[in-house]
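Protein sequences, first through last, are from chains A and B. Note that the working numbering has the first sequence beginning at 64, numbered continuously upward. Note that the working numbering has the second sequence beginning at 3, numbered continuously upward.
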Amino acid sequence: MLLIKNGRVIDPASGTDARMDVLLDGDRIAAVGPNLTAASAEIVDAGAWVVAPGFIDLHCHLREPGDETSETIASGTRAAARGGFTAVCPMPNTRPVNDSAAVTRFILDRAAAAGAVRIWPIGAVSAGSRGEQLAEIAGMKEAGIVAVSDDGHPVASAKLLRQAMEYCAPLGLPVIDHCEEPSLFAGAVMREGPSSARLGLSGMPAATESIAVARDIQVAGLTQARLHVAHLSAANSLEMVREAKRRGLGVTCEVTPHHFTLTDEDVHYDTRFKVNPPIGSREDREALVAGLADGTVDAIATDHAPHEAPRKEVEFDRASFGMTGFETALALALSELYHSGRVGLARVVELFTTGPACVLGKTRRLARGEPADLTLFSLDHAWTFHAADSASLSRNSPFDGRAFRGAPMMTIVVGRIVFRR
Amino acid sequence: MTFERLRHLLGIEPLPAEQISFLLDQARPFQQIQRHPLKKLATLRGKSVVLAFFEPSTRTRISFGAAAARLGADTMAFQAESSSLKKGESLADTAWTLEAMKPDCIVMRHAASGAAQFVSERVGIPVVNAGDGLHEHPTQALLDALTIRDRRGSLENLEITILGDIVHSRVARSNVHLLSKFGARITLCGPAMWVPREMESLAPGVRRCFSIDEALRGAEVVMALRVQQERMNEPGLPREDYIRLYQLTPARLALARPGALVLHPGPMNRGLEIDPAVADGPQSCVLEQVTNGVAVRMALLYLLIGGPGGLEDLPHAPD
Chain A
64 MLLIKNGRVI DPASGTDARM DVLLDGDRIA AVGPNLTAAS AEIVDAGAWV
114 VAPGFIDLHC HLREPGDETS ETIASGTRAA ARGGFTAVCP MPNTRPVNDS
164 AAVTRFILDR AAAAGAVRIW PIGAVSAGSR GEQLAEIAGM KEAGIVAVSD
214 DGHPVASAKL LRQAMEYCAP LGLPVIDHCE EPSLFAGAVM REGPSSARLG
264 LSGMPAATES IAVARDIQVA GLTQARLHVA HLSAANSLEM VREAKRRGLG
314 VTCEVTPHHF TLTDEDVHYD TRFKVNPPIG SREDREALVA GLADGTVDAI
364 ATDHAPHEAP RKEVEFDRAS FGMTGFETAL ALALSELYHS GRVGLARVVE
414 LFTTGPACVL GKTRRLARGE PADLTLFSLD HAWTFHAADS ASLSRNSPFD
464 GRAFRGAPMM TIVVGRIVFR R
Chain B
3 MTFERLRHLL GIEPLPAEQI SFLLDQARPF QQIQRHPLKK LATLRGKSVV
53 LAFFEPSTRT RISFGAAAAR LGADTMAFQA ESSSLKKGES LADTAWTLEA
103 MKPDCIVMRH AASGAAQFVS ERVGIPVVNA GDGLHEHPTQ ALLDALTIRD
153 RRGSLENLEI TILGDIVHSR VARSNVHLLS KFGARITLCG PAMWVPREME
203 SLAPGVRRCF SIDEALRGAE VVMALRVQQE RMNEPGLPRE DYIRLYQLTP
253 ARLALARPGA LVLHPGPMNR GLEIDPAVAD GPQSCVLEQV TNGVAVRMAL
303 LYLLIGGPGG LEDLPHAPD
């Protein structure tokens, strides 16, 4: 048994924000309330910390199977635990692609053997993510996937998206789309704008994303099924999601910490900033923060995308897209959203917990009988992120060397402490 | 001088105007040497310069080669066709390999924007950017500035018109940065997809214009850029239309100020971006640009890898 004493318990599902104790017994929460005692329990003094339901990351890349020099399920989930995440959703763009029950089972077997946190795999929409025929989605659902996506690529056609959404609705799986118009994306390496013009780098306009978001929302209207927009980065896309929600469509979206923190002016020729969708303009960043505050955005997701050094230590044009994100996500949310006064603390917690859970049709509560997954964090802990000390096998973070206020302090998964700062 | 000693030349954008003027001043004695029957100095004897051209080039490579040779330096040439790049070596490994041959300077051209900066961050010797992707071609802007200053007496507050494929041009970017630092009003003119709005934010005093007549009116310097044939394959721009709308012809040049200078970075597509009558006409500075290119590159190599002093230790260059 584990007794967490005197923490500031924030449970978005019940609207709780109060100093209380939480008692864990085995894999479940045994009690939540003031002045709990348990003679045999290990005591955790959480007096300086926030105690929240376990954080969920809807979007990450663990690179196993196929690219184990960049990341493995073991290293990636250790990094996730250090970031306060208790469950992470790896995208299916591994080698082989997670487009069959066999690959899903392989991932979950590896997770059971070596994973530090829970893995909720995302399956491919189409076989091989090639955009032609539907993957073995029902089989993967049986094996344990929580959503489908052809991430890395957009769902190739409106017809395929329609089929996937209609097919997945009774299976209870959301379709997650990487929204991108291929003809505007081709050859581009960053967001089009004054910075790309100055650097002489080929840019893609914000419309590369928003054109695809518009298509997808039309298909969501047609099918009345669940659509989740991955790593939304542009103000126009966000406005369309806001409007779709107003119309009552089942459209949700996620935003990454790098998109709500950085702007295209930060890019220069530093390949650690090369990511897709690319970092947007100042106006986009402002719009994303507003969307995080007002509820338009459903979740903060990391899009943790590790790359071994040879793929990043090259010319900007040739570098791979993507950056690591697990270990800096909460600290960025606290500094950019909470400490800046833009987003309240309960809302920040929601974006990491009930928000992503809801996207997957799950609940997330800090209450008796619920799974013993908890994230304990400090609002004020001063620390500096060093990519070299990361649990990830890769070092491609633009936040290397950045000083933070606030950090995950303890991550508890299935009643076990998997990370302690 | 208020600026730092130049360690690399990666682009014009970060250089203060005073440093650009200083570089141009330093080129003057080397311009005079170009007119001498015996052009070879011993100033850089024993030094060596790598000419690393990852992208094919004839004129820039020969110009840097001539500049190094006339200063007495040895050159080691490296060309894309014969490079280990084809064997899959990374740019970082190539840079370290070249550095291990102990040259004093790397002059490089590369198809990727930022490539010269990438190499400069990894080697301990000066790097000269001889063109990186669409980003900058700083020695071209310096030789253009030298040519303009010689002809007009000053670089200050000029009316400049740049014609053609602006967005894909490193020459345009370097020239915009350089001339803007001297107060130029710069008009960028070409088909809309080649002159995106963002180019106006490159530097102060830049505007775009899609009418060549309007763009040329009042211009003191007209720069025609090379239209790359492969760009003509992109959707939406027939060659005939480019000629109709944007070719620099004698009639159009007449709209500029009398005696306006015509520059072209070469190689020219006669009959495409420029009418042969303009290319060969009295206002054309094209061959002067080439001659000045050698002088500017001599001055640059001298400043980067020459002796610790200024020009005092140069042998006297008679007027």
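Every residue gets a Cβ at the ideal spot worked out from N, C-alpha and C, and that includes glycine. Note that the coordinates shown come from a computational prediction; the quantities given were computed from them, not determined experimentally.
Under 7 Å from the C-beta of residue i: neighbouring residues of chain A
i              : result
proline 198/B  : Ala260
histidine 10/B : Residues of chain A passing the Cβ test: none, with the nearest at roughly 14 Å.
Beta-carbon gap between residue i and residue j smaller than 9 Å
i                : j                : result
leucine 136/B    : methionine 195/B : no
valine 178/B     : leucine 190/B    : yes
alanine 270/A    : alanine 297/A    : yes
threonine 387/A  : alanine 450/A    : yes
valine 218/A     : serine 189/A     : yes
arginine 289/A   : glycine 263/A    : no
leucine 247/B    : glutamate 275/B  : no
threonine 140/A  : glutamate 371/A  : no
valine 304/A     : leucine 295/A    : yes
serine 212/A     : valine 238/A     : yes
asparagine 131/B : glutamate 138/B  : yes
isoleucine 136/A : asparagine 161/A : no
leucine 255/B    : valine 264/B     : yes
alanine 359/A    : proline 75/A     : The residue asked about is misnamed: residue 359/A is threonine in this sequence, not alanine. No. Outside cutoff.
valine 288/B     : arginine 61/B    : no
alanine 164/A    : alanine 102/A    : no
glutamine 28/B   : tyrosine 304/B   : yes
Proximal residues of chain A, C-beta to C-beta of residue i below 9 Å
i               : result
histidine 119/B : Before going on, a small fix: residue 119/B reads as glutamine here, not histidine. Near glutamine 119/B (Cβ distances below 9 Å), the residues of chain A are His331 and Tyr332.
leucine 204/B   : Pro257, Ala260 and Arg261
Per-residue contacts from residue i into chain B (C-beta, under 7 Å)
i               : result
glutamate 378/A : Leu93, Ala114, Gly116, Ala117 and Phe120
Close beta carbons around residue i, own chain, < 7 Å, minus the five adjacent residues each side
i                : result
alanine 319/B    : Its pLDDT being 45, under 50, alanine 319/B is placed unreliably in this model, and the coordinates cannot settle the point.
leucine 355/A    : Val318, Phe323, Leu400, Val406 and Leu414
valine 82/B      : A small fix is needed here, since residue 82/B is alanine in this sequence, not valine. Result list for alanine 82/B: Phe55, Phe56, Glu57 and Pro58, in chain order.
glutamate 229/A  : Thr286 and Ala288
proline 317/B    : In this prediction, proline 317/B has a pLDDT of 47, which is less than 50 and means its spatial position is unreliable; what the coordinates show is noted afterwards. So the qualifying residues of the chain are Leu43.
isoleucine 480/A : Met473
Within chain A, the residues that residue i reaches when beta carbons sit closer than 8 Å
i                : result
serine 23/B      : Those do not exist, as serine 23/B stays about 23 Å from chain A at its closest Cβ, beyond 8 Å.
methionine 201/B : Ala260
leucine 73/B     : Going along chain A, no residue has its Cβ under 8 Å from leucine 73/B, so there is no contact; the nearest lies around 30 Å.
Chain-ordered chain B contacts of residue i [CB-CB under 8 Å]
i              : result
arginine 381/A : Ala114
Cβ shell of residue i (< 8 Å), same chain only, five flanking positions each side left out
i               : result
aspartate 321/B : Note that aspartate 321/B has pLDDT 43, beneath the 50 cutoff, so the model's placement of it is unreliable and no number is given.
glycine 67/B    : Leu53, Thr77 and Ala79
threonine 391/A : Gly146, Pro320, Phe448, Ser460, Phe462, Arg465 and Phe467
alanine 445/A   : Ala466, Phe467 and Arg468
leucine 66/A    : Asp84, Val85, Leu86, Leu87, Leu99, Thr100, Ala101, Ala104, Glu105, Ile106 and Val107
Contacts around residue i, its chain only, beta-carbon distance under 6 Å, and the 5 residues preceding and following it disregarded
i                : result
tryptophan 183/A : Ala150, Cys152 and Val209
asparagine 294/B : Leu145, Leu148 and Thr149
alanine 394/A    : Phe467, Gly469 and Ala470
alanine 217/B    : Thr163, Thr189, Cys191 and Cys211
beta-carbon residue i near the ligand SAM non-hydrogen atom, thresh 8 Å
i              : result
glutamine 34/B : Only the bare structure without any ligand can be found here, which leaves the ligand SAM out of the picture.
Report task. Identify each residue in the segment 314–347 of chain A for which the Cβ-Cβ distance to at least one residue of chain B is less than 7 Å, and report them in chain order. Result -> Tyr332
Query - Cβ contact check for the segment 370–379 of chain A and the segment 73–88 of chain A: 3 or more pairs under 8 Å - result: no
Query raised in the report: Can you list, in chain order, the residues of the segment 162–185 of chain B whose Cβ is nearer than 8 Å to any Cβ on chain A?
Result: Val169, Arg172 and Arg175
Report task. Could you say if the segment 208–227 of chain B and the segment 115–122 of chain B meet the contact criterion of at least three C-beta pairs nearer than 8 Å? Result -> no
Query raised in the report: Got a sec: which bits of the segment 187–198 of chain A sit with their beta carbon under 8 Å from any beta carbon on chain B, in order along the chain?
Result: none
Query raised in the report: Taking a cut of 9 Å between CB atoms, which residues from the segment 253–286 of chain A lie near chain B?
Result: Glu255, Gly256, Pro257, Ser258, Ser259, Ala260, Arg261, Leu262, Gly263, Leu264, Ser265 and Gly266
Query raised in the report: Quick one, which residues of the segment 130–163 of chain B are near chain A if we go by CB-CB under 9 Å, in chain order?
Result: Asp134, Gly135, Leu136, His137 and Glu138
Query raised in the report: Would you call the segment 211–223 of chain B and the segment 15–24 of chain B touching, i.e. three or more CB-CB distances under 8 Å?
Result: no
**Report entry** Selection of the segment 346–372 of chain A by Cβ proximity to chain B, strictly under 9 Å
**Finding:** none
Query raised in the report: Do the segment 290–310 of chain B and the segment 100–109 of chain B make contact, defined as three or more Cβ pairs closer than 8 Å?
Result: yes
**Report entry** Three CB pairs or more closer than 8 Å across the segment 463–478 of chain A and the segment 4–18 of chain B
**Finding:** no
Query raised in the report: Can at least three beta-carbon pairs, one atom from the segment 417–434 of chain A and one from the segment 340–355 of chain A, be found at a separation below 8 Å?
Result: no
Query raised in the report: Taking contact to mean at least 3 C-beta pairs separated by less than 8 Å, is the segment 114–121 of chain A in contact with the segment 455–465 of chain A?
Result: no
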